[in-house]
Amino acid sequence: MLKPELLEILCCPKCKGDVVYKAEENTLTCKSCGHVYQVKDDIPIMLVDEGSEKPSS
């Protein structure tokens with residue numbers, strides 16, 4: 147579980163948009179561009195090349 151203080155300062159490295167933590171998926175998703183970043187062992191992996199685009203619905 148990520149600390150609320152950390153979530154307040156994190157932003158998407160791709161577009162600088164706000165991110166949303168999805169605890170059940172253990173991911174951070176950008177509200178603006180939809181890029182998805184994994185969280186491993188409570189550490190956000192905020193590398194654009196390591197992330198993925200939001201799947202189409």
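Residue numbers (our numbering): 147 to 203.
All residues carry an ideal CB built from backbone N, CA and C; glycine is no exception.
- Counting along the chain, L152 sits inside the alpha helix (DSSP H) bounded by residues 150-155.
- By the beta-carbon neighbour count (other beta carbons within 10 angstroms, threshold 16), C161 is exposed.
- In this structure, the beta-carbon distance from V165 to K149 does not fall below 9 Å.
- Under DSSP, C176 forms a beta bridge with V165.
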